[in-house]
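Quick note: the sequence shown, position 207, residue 551 per my numbering, numbers continuous.
Taking it in order: structure first as structure tokens, then the write-up.
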Amino acid sequence: MHSRRLQYKDRWFCYLDILGFTAFVRSREAGIVIDAYEDAIAKLEIGASAKRSRGLSYSWFSDTFIIFTRGDSLEEFTWLEQVGRLFFQSLILAFIPARGAISHGKLYSNLEKNIFVGEALIEAYEYGEDQDWIGLLLAPSVYRKLAGTALDVGKRYNYRRVPTKGVMRKLNPEYVFAYTFNNATVMGANPLLTAIRSMQRSSAEPFKGKYQRVEQFIEKHRSIDATAA
């Protein structure tokens, strides 16, 4: 990980955490949890290390993971989005329920002291925590920054607007886009959707709705994409 201090400036920022971490740990044998967790972190390190020389940094503590860039170029967004999304996928495939968000804005970071302060962190945290399902979001700041560019959020294949009801608890869902889990098909099957359904079956009753909402979102946009094709 980078150890040098970076100034307070516009960056891309990704926040991810494990949903119901305490219950997740208690519901499984310690060895299974540790193995899955270590494997996911190893994949994060492999993905981020390829971009480390270009300013991509990351950190984690317990159930929270952050990834951020040196600047806010379009190229840096593609690096962060790819690494963040692939890490999110690795958690889901390990049957680890996760949620998070990507944002754009001011950020101060000092990896040596593990200090992170700024609007980018606050927005990513707020949108990540406010969603009532298993998902990875692009916060409104990303929509605003990319609007009219070659990476316009409204034209991205892997993201669609979140439903107006049922996903965001308190925050306005306008200009919020969610990952559709639609780029991981293997021989006609979607292993991410399979993992979501498996976690739903084993989840406690109060949490089943979170899985149902994301499953409906995935199915809806799979059908739309198939019709468009």
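The beta-carbon is built from N, C-alpha and C at its ideal position, and this holds for glycine as well.
Given the structure is predicted, the values throughout are model-derived calculations rather than measurements.
- Between residue 399 and residue 411, the beta carbon gap of about 11 Å keeps them out of contact (Cβ cut-off 8 Å).
- If you draw a straight line from the Cα of residue 509 to the Cα of residue 467, it is about 20 Å long.
- Using a Cβ distance threshold of 8 Å, residue 472 and residue 445 count as a contacting pair.
- With distances taken between CA atoms, residue 392 lies nearest to 430 out of 430, 470, 514 and 501.
- Apart from the 5 residues on each side of it in sequence, residue 358 sits with its Cβ closer than 6 Å to the Cβ of 411, 424, 428 and 446 in its chain, given in chain order.
- Contact annotation: residue 480 and residue 519 have beta-carbon atoms that are not nearer than 8 Å.
- Under the three-state reduction of DSSP, residue 450 is assigned to strand.
- Within the DSSP bridge table, the entry for residue 405 names 408 as partners.
- Around the beta carbon of residue 395, a 10 Å sphere encloses 16 or more other beta carbons of the protein chains shown; the residue is thus reported as buried.
- Residue 500 carries a coil assignment under DSSP once its states are collapsed to helix, strand and coil.
- In the three-state scheme derived from DSSP, where H, G and I count as helix and E and B as strand, residue 488 is classed as helix.
- DSSP places residue 432 within a helical segment (H, G or I) once states are collapsed to three.
- Contiguous alpha helix (DSSP H) elements confined to the region 452-478 occur at 463-474, taking only those with 4 or more residues.
- Taking the C-beta atoms as reference points, residue 407 is found no nearer than 8 Å to residue 436.
- With contacts defined as CB atoms closer than 8 Å, residue 541 and residue 563 fail to qualify as a contacting pair.
- DSSP places residue 444 within a strand segment (E or B) once states are collapsed to three.
- Across the set 548, 565, 566 and 544, the C-alpha of 544 shows the shortest separation from the C-alpha of residue 556.
- When DSSP states are grouped into helix, strand and coil, residue 355 belongs to the strand group.
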